[in-house]
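Read through the structure below, which is laid out as C-alpha cells, and then see the notes.
Protein chains: 2
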Amino acid sequence: MSETPLAIGIDFGGTSVKAGVVKLDTIIDHAPPIATQDFTEPAGLIEAIVRVIEDLRARHPGIVAVGVGMPGFVDFENGVVYNLTNVRGWVNIPLKSLLEEKTGLPVVVDNDANCMAFAEWKRGAGQGTKHLVCISLGTGVGGGIIANGQMVRGAYHGAGEVGQTSIDYQGRRGHYGNMGALEDYIGNNEITATAHDTYGESGTSKPLDECSPAALAAAAAEGDETAKQLWDDIGKKLATAVMNCCWLLNPEAVVIGGGVARAGALLFEPLNKYLLDQLSGPFKDHLKILPARFGHEAGTVGAAAMALEWSDHHHS
Amino acid sequence: MSETPLAIGIDFGGTSVKAGVVKLDTIIDHAPPIATQDFTEPAGLIEAIVRVIEDLRARHPGIVAVGVGMPGFVDFENGVVYNLTNVRGWVNIPLKSLLEEKTGLPVVVDNDANCMAFAEWKRGAGQGTKHLVCISLGTGVGGGIIANGQMVRGAYHGAGEVGQTSIDYQGRRGHYGNMGALEDYIGNNEITATAHDTYGESGTSKPLDECSPAALAAAAAEGDETAKQLWDDIGKKLATAVMNCCWLLNPEAVVIGGGVARAGALLFEPLNKYLLDQLSGPFKDHLKILPARFGHEAGTVGAAAMALEWSDHHHS
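Residue numbers (my numbering), protein chains in the order written: chain A, 1 to 316; chain B, 1 to 316.
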C-alpha cells in the first residue's frame with residue numbers, strides 16, 4: 001500500500017470519550033468529545049461512538065481499523081470489557097464484537113495503560129526497543145511492559161500494574177490490601193496530601209491547592225527547599241519500583257509519563273540518582289530513563305497504533 | 001523422529017561441574033562430576049567438559065545437543081560467559097562456540113537460574129503455562145520469567161533477578177547498593193542470622209548451626225513457636241516480592257524451589273496467605289503457587305531441555 005493507513009483511536013475516559021483519526025504519530029482530526037456521564041447505559045454510549053466512527057470515516061476514506069483504550073479491566077483477546085473503574089454499567093460488554101458488527105472495521109480493545117505504553121513503544125520515546133517499561137504518573141500510577149518485542153498482558157490481561165507494586169512490605173495498606181503500593185505514595189492525591197502535611201509540620205502551612213504536583217514543581221523551581229525535598233522523596237520512591245522492574249525485566253529503557261512527570265528534572269534527577277545507585281552493570285550501563293513523548297494524546301495514538309498492527313497481522 | 005531425542009545437560013557449579021544425559025524429565029546417565037577448583041584456567045576445564053561429553057556420546061548415540069547452565073552472567077544469544085560469581089578466570093569466554101567446535105554438537109549456554117526456570121516450565125511444575133515466574137530460594141535468591149510463552153532474558157541477559165528486587169525502599173543496603181533486596185532478608189545465611197538474633201533476644205539462645213533453614217523447619221514442626229513465627233515472617237517477605245511479580249506480569253503460576261522451599265507448608269502457608277491478601281481478582285483467582293518439581297537436578301534437566309528446543313528451532 002503506498003499511502004499511510006489511517007486508524008481511529010478512541011480514548012474512553014470517565015469524563016469524556018475522545019476519538020481521533022491517527023496517522024503515524026499524529027492525530028490529524030479530532031471528533032467532538034462525547035460526555036461519558038450523559039449515558040446511563042453502555043448501549044447508548046456505544047451508539048454515540050459508532051456515529052463518531054462513521055462521521056470520521058466519511059471524512060477520511062483511508063481508515064482501516066479502530067482501537068479503543070478503556071479505563072479498566074479488559075480482555076484484550078476477546079475485546080470484552082469486564083468492568084471499568086469509574087463508569088457504571090460497563091460489566092462484561094463485548095465491545096470489540098459490537099463495534100465490529102456495526103462498523104465493519106476490525107476493532108481492538110485494550111486498557112488505557114497498555115494503549116499509552118503502545119504509543120510510546122511504537123511511535124514515541126521507546127521506539128525501536130524490544131524490552132521496555134512504560135509508567136504513567138497521575139491520579140493513578142499505571143504501566144505497560146514490552147518484553148521480547150511483545151506487549152506483556154499476562155494470563156488474565158492484568159500485567160503492567162506498576163502502581164500496585166510494593167515499595168515497603170510494612171507500608172500503608174492500599175486499595176487491594178497491598179501494603180506499600182507505589183500509587184499510595186506518589187499518586188497525585190497522595191503527593192498533595194504528603195506535601196500538605198510536610199508544610200504543616202514545618203510551620204509554613206499551605207492550602208491543599210498549593211500542594212498539587214504542579215504547584216510543588218513551581219515552588220521548587222523558585223527555590224523552595226521543602227518542595228525540592230518532596231520531589232527528591234518522590235524520585236526515591238519511584239526509583240524503587242523502577243529498580244524492581246529493571247531487576248526483573250532488564251529493559252533497554254523506561255519511559256515515564258503522566259501529569260506528575262511534567263515536573264521534569266525535579267523528578268528525573270533524583271529518579272536517575274537513586275536508580276543507578278541500586279543497579280549493577282548489565283542493568284544500568286545502557287539503560288535509558290526517558291520522559292514520555294505523548295501527553296494526553298498517548299491513549300488515542302496508542303489505541304490507533306495497536307489497531308493498525310492488529311489489522312496488519314490478522315486481516316491482510 | 002520416532003525416538004525421543006537425548007541431550008546432555010551440564011550444571012556448572014562453583015564446586016563441581018555435573019553432566020548428565022537427559023531424556024524428557026529424567027537424567028538417565030550421570031557423568032562423574034568434575035571438581036571445578038582443580039582447574040586454574042578455563043581452557044583445562046573446557047577440555048575436561050569436552051571429554052565428558054564425548055564419553056556420554058559414546059554410550060548414548062541419540063544425543064543431539066548440549067546445554068550448559070552457568071553460575072553467573074552469560075550472553076545467551078552468543079553463548080559467551082561474561083563472568084562467574086565464584087569461579088576465577090571465566091571472563092569473556094565464548095563457551096558455546098568453543099564447545100561446538102570441539103564436539104560438533106549444537107550448544108546453548110545460559111545462566112543457571114534460567115535453566116532451572118526452563119526445567120520447571122517445560123518439564124516440571126509450570127508445564128503448559130505461557131506466563132510463569134520461577135523463584136529459587138537458597139544462599140542466593142534467583143529466578144526466571146516466562147511471558148507470552150517465551151523466556152524473558154531482557155536487553156542484556158539479566159532479567160529474572162527476583163532476589164535483588166526491593167521489599168523495603170528504606171531497608172538494608174545490599175550487594176549492589178539496592179536497598180531492601182529480598183535476598184538480604186531470606187537468603188539462607190540471612191535466615192540463619194535473623195533466627196540466631198531472634199532466639200538470642202528471646203532469651204533462648206541457639207548456636208548458629210541450629211538456626212539453619214532446615215533446623216528451623218524441624219523446630220517448627222515440633223511446635224517451636226519462635227521458629228513458626230520466623231517462617232511466617234519469611235513467607236510475608238517472600239509474598240511481597242511475589243506479589244510485585246504478579247502485579248507486573250500477571251502469571252498463571254509461580255513456582256518456588258531451592259533448599260529453603262523444602263520447609264513446605266511452613267513456608268507456603270504464610271506465603272499464600274499474605275500473597276492472596278494483597279492481590280485483586282484477575283491476579284489471584286486462577287493463580288497457582290507451586291513447589292518446584294526438580295531439586296538439585298533442575299539445572300541439568302533445564303539446560304538439556306533448552307538445548308533440545310534450541311536445536312529444534314535452529315537446526316532442523
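C-beta atoms are modelled at their ideal positions from N, C-alpha and C, and glycine is treated no differently.
Item checked: The alpha helix (DSSP H) enclosing A:Ile53, as first and last residue numbers -> For the purposes of this step, residue 53 of chain A is identified with residue 53 of the first sequence, where counting begins at 1. Looking at the DSSP string, the run of the alpha helix (DSSP H) that includes A:Ile53 is Pro42 to Arg59.
Notebook entry, point to check: So, helix, strand or coil for A:Pro71, using DSSP?
Noted result: Taking the first sequence and counting its residues from 1, the one referred to as residue 71 of chain A is at position 71. Three-state result, A:Pro71: coil.
Margin query: Whole angstroms are fine: how far does the CA of B:Met70 sit from the CA of B:Phe118?
Written below: Numbered from 1 along the second sequence, position 118 holds the residue referred to as residue 118 of chain B. Numbered from 1 along the second sequence, position 70 holds the residue referred to as residue 70 of chain B. If you take the alpha carbons of B:Phe118 and B:Met70, they lie about 14 Å apart.
Next item on the list: Could you check what DSSP says for B:Ile167 in three-state terms: helix, strand or coil?
Entry: By 1-based counting over the second sequence, the position of residue 167 of chain B is 167. Correct three-state label for B:Ile167: coil.
Next item on the list: Look at the Cβ atom of B:Asn188, then the Cβ atom of B:Thr139, and state whether they are nearer than 9 Å.
Entry: Within the second sequence, numbered from 1, the residue matching residue 188 of chain B stands at position 188. Within the second sequence, numbered from 1, the residue matching residue 139 of chain B stands at position 139. The Cβ-Cβ distance between B:Asn188 and B:Thr139 falls below 9 Å.
Check: Got a sec: which bits of the region 272-297 of chain B sit with their beta carbon under 7 Å from any beta carbon on chain A, in order along the chain?
Finding: When C-beta distances to chain A are compared with 7 Å, the residues of the region 272-297 of chain B below that value are Asp277, Gln278, Leu279, Ser280, Pro282, Phe283 and His286, in chain order.
Margin query: Would you say B:Lys122 lies against chain A (beta-carbon separation less than 9 Å)?
Written below: Taking the second sequence and counting its residues from 1, one reaches residue 122 of chain B at position 122. In terms of beta-carbon proximity, B:Lys122 stays away from the interface with chain A, with every pair separated by 9 Å or more.
Next item on the list: Report the rounded CA-to-CA distance for A:Glu309 versus B:Arg153, giving the unit in angstroms.
Entry: Position 309 of the first sequence, counted from the start, is the residue given in the question as residue 309 of chain A. Position 153 of the second sequence, counted from the start, is the residue given in the question as residue 153 of chain B. When rounded, the distance between both Cα atoms is 25 Å.
Notebook entry, point to check: Between the C-alpha atoms of A:Ile289 and A:Arg262, what's the straight-line distance to the nearest angstrom?
Noted result: Against the first sequence, residue 289 of chain A aligns to sequence position 289. Against the first sequence, residue 262 of chain A aligns to sequence position 262. It is roughly 14 Å from the alpha-carbon of A:Ile289 to the alpha-carbon of A:Arg262.
Checklist line | Cα-Cα separation, A:Ile34 to A:Ser212 | finding: Against the first sequence, residue 34 of chain A aligns to sequence position 34. Against the first sequence, residue 212 of chain A aligns to sequence position 212. A direct Cα-to-Cα measurement between A:Ile34 and A:Ser212 gives close to 28 Å.
Next item on the list: Spatial neighbours of B:Leu279 within its chain, please: CB distance less than 8 Å, with the 5 preceding and 5 following residues excluded, ordered by chain position.
Entry: On the second sequence, residue 279 of chain B is found 279 positions in, with the first residue counted as 1. Leaving aside the five residues that flank B:Leu279 on each side, the residues in its chain whose CB is nearer than 8 Å to its CB run, in chain order, Met243, Cys246, Trp247 and Leu287.
Check: If you measure beta-carbon to beta-carbon, which residues of the region 151-162 of chain B are closer than 9 Å to chain A?
Finding: Residues Met151, Val152, Arg153, Gly154, Ala155, Tyr156, His157, Gly158, Ala159, Gly160, Glu161 and Val162.
Checklist line | Any alpha helix (DSSP H) of 4 or more consecutive residues that is wholly inside the region 83-114 of chain B | finding: Whole alpha helix (DSSP H) segments, 4+ residues: 95-103.
Notebook entry, point to check: For A:His30, does the three-state DSSP call read helix, strand or coil?
Noted result: Looking up residue 30 of chain A in the first sequence gives position 30. Three-state result, A:His30: strand.
Notebook entry, point to check: Does the Cβ-Cβ distance between A:Val17 and A:Ile49 come in under 9 Å?
Noted result: Stepping through the first sequence from its first residue, residue 17 of chain A is reached at position 17. Stepping through the first sequence from its first residue, residue 49 of chain A is reached at position 49. In contact: A:Val17 and A:Ile49 (Cβ atoms closer than 9 Å).
Notebook entry, point to check: What's the gap between the Cα of A:Met1 and the Cα of A:Leu24?
Noted result: Counted from its first residue, the first sequence places residue 1 of chain A at position 1. Counted from its first residue, the first sequence places residue 24 of chain A at position 24. Because A:Met1 carries a pLDDT of 49, less than 50, the predicted location of this residue cannot be relied on, and the following value inherits that uncertainty. Per the coordinates, the alpha-carbon of A:Met1 lies some 15 Å from the alpha-carbon of A:Leu24.
Margin query: Starting from B:Asp11, trace the beta strand (DSSP E) in both directions and tell me its first and last residue.
Written below: Start at 1 with the first residue of the second sequence, and residue 11 of chain B comes out as number 11. Counting along the chain, the beta strand (DSSP E) containing B:Asp11 begins and ends at Leu6 to Phe12.
Notebook entry, point to check: By how many angstroms is the C-alpha of A:Val254 removed from the C-alpha of B:Ser316?
Noted result: By one-based count along the second sequence, residue 316 of chain B stands at place 316. By one-based count along the first sequence, residue 254 of chain A stands at place 254. Note that B:Ser316 scores a pLDDT of 40, beneath 50, so its modelled location is shaky; the value from the coordinates is reported in the next line. In a straight line, the C-alpha of B:Ser316 is about 37 Å away from that of A:Val254.
Item checked: Cut-off 6 Å between Cβ atoms - residues of its own chain near A:Gly124, not counting five sequence neighbours on either side -> To locate residue 124 of chain A, count along the first sequence from 1; it is residue 124. Closer than 6 Å at the Cβ level, and outside the excluded window around A:Gly124, lie Arg293 and Phe294.
Note to self: I need the boundaries of the beta strand (DSSP E) containing A:Val141, first residue and last residue.
What the structure shows: Reading the first sequence from its first residue, position 141 is the one you call residue 141 of chain A. Run containing A:Val141: Val141 to Ala147, per the beta strand (DSSP E) assignment.
Next item on the list: Quick one: grab the DSSP three-state call for A:Ser227.
Entry: Position 227 of the first sequence, counted from the first residue, corresponds to residue 227 of chain A. It is worth fixing the name first, because residue 227 of chain A is Ala in this sequence and not Ser. Here A:Ala227 sits in helix by DSSP.
Next item on the list: Could you confirm whether any beta carbon from chain B is found closer than 9 Å to the beta carbon of A:Tyr199?
Entry: Within the first sequence, numbered from 1, the residue matching residue 199 of chain A stands at position 199. Closer than 9 Å: no.
Margin query: Rounding to the nearest angstrom, what Cα-Cα distance links A:Ser97 and B:Cys115 in this structure?
Written below: By one-based count along the first sequence, residue 97 of chain A stands at place 97. By one-based count along the second sequence, residue 115 of chain B stands at place 115. Computed Cα separation, rounded: 42 Å.
Checklist line | C-alpha distance - A:Leu275 paired with A:Glu161, whole-angstrom precision | finding: In the first sequence, residue 275 of chain A corresponds to position 275, counting from 1. In the first sequence, residue 161 of chain A corresponds to position 161, counting from 1. Taking the straight line from one Cα to the other gives about 19 Å.
Next item on the list: Show which residues of chain B have a CB atom less than 9 Å away from the CB atom of A:Lys237.
Entry: Within the first sequence, the letter at position 237 stands for residue 237 of chain A. Per Cβ cutoff of 9 Å: Tyr169.
Note to self: Tell me the DSSP secondary structure of B:Lys23 in three-state form.
What the structure shows: Taking the first residue of the second sequence as 1, we reach residue 23 of chain B at position 23. Strand, per DSSP.
Next item on the list: Below 8 Å on the Cβ atoms is my guess for B:Val21 versus B:Gly67; work out the distance and round it to an integer in Å.
Entry: Looking up residue 21 of chain B in the second sequence gives position 21. Looking up residue 67 of chain B in the second sequence gives position 67. Contact flag wrong, Cβ pair sits at about 12 Å.
Next item on the list: Return the first residue and the last residue of the alpha helix (DSSP H) that A:Lys206 is part of.
Entry: Counting from one through the first sequence, the residue named residue 206 of chain A turns up at place 206. Looking at the DSSP string, A:Lys206 is not in any alpha helix (DSSP H), and its letter there is neither H nor E.
Next item on the list: Name, going along the chain, the residues of the region 239-264 of chain B whose beta-carbon falls closer than 9 Å to a beta-carbon of chain A.
Entry: Taking 9 Å as the Cβ-Cβ cut-off against chain A, the residues of the region 239-264 of chain B that qualify are Ala239, Thr240, Ala241, Met243, Asn244, Cys245, Cys246, Trp247, Leu248, Leu249, Asn250, Pro251, Glu252 and Ala253.
Note to self: For B:Lys288, report the span of its beta strand (DSSP E) as first-last.
What the structure shows: Taking the first residue of the second sequence as position 1, residue 288 of chain B is located at position 288. For B:Lys288, the uninterrupted beta strand (DSSP E) run begins and ends at Lys288 to Pro291, by DSSP.
Notebook entry, point to check: Which one or two residues does DSSP pair with B:Lys284 in a beta bridge?
Noted result: Translated into the one-based positions of the second sequence, residue 284 of chain B becomes position 284. Bridge pairing for B:Lys284: absent [DSSP].
Check: Taking Cβ to Cβ, would you say B:Val74 is nearer than 9 Å to B:His157?
Finding: As a position in the second sequence, residue 74 of chain B is number 74, starting the count at 1. As a position in the second sequence, residue 157 of chain B is number 157, starting the count at 1. By the CB criterion at 9 Å, B:Val74 and B:His157 fall inside the cutoff.
Next item on the list: Pull up the distance between the alpha-carbon of B:Ser166 and that of B:Gly180, whole angstroms please.
Entry: Here residue 166 of chain B refers to the residue found at position 166 when the second sequence is read from its first residue. Here residue 180 of chain B refers to the residue found at position 180 when the second sequence is read from its first residue. When rounded, the separation of the alpha-carbon atoms in B:Ser166 and B:Gly180 is 5 Å.
Check: A:Ala147: buried (16+ other C-beta within 10 angstroms of its C-beta) or exposed?
Finding: By one-based count along the first sequence, residue 147 of chain A stands at place 147. A:Ala147 comes out buried.
Notebook entry, point to check: Taking Cβ-Cβ distances below 9 Å as the criterion, which residues of the region 55-77 of chain B are in contact with chain A?
Noted result: Answer set for the region 55-77 of chain B: Phe73.
Checklist line | Closest residue to B:Asn78 among B:Thr15, B:Phe283, B:Val87 and B:Pro106 (Cα-Cα distance) | finding: By 1-based counting over the second sequence, the position of residue 78 of chain B is 78. Nearest in C-alpha terms to B:Asn78, of all of B:Thr15, B:Phe283, B:Val87 and B:Pro106, is B:Pro106.
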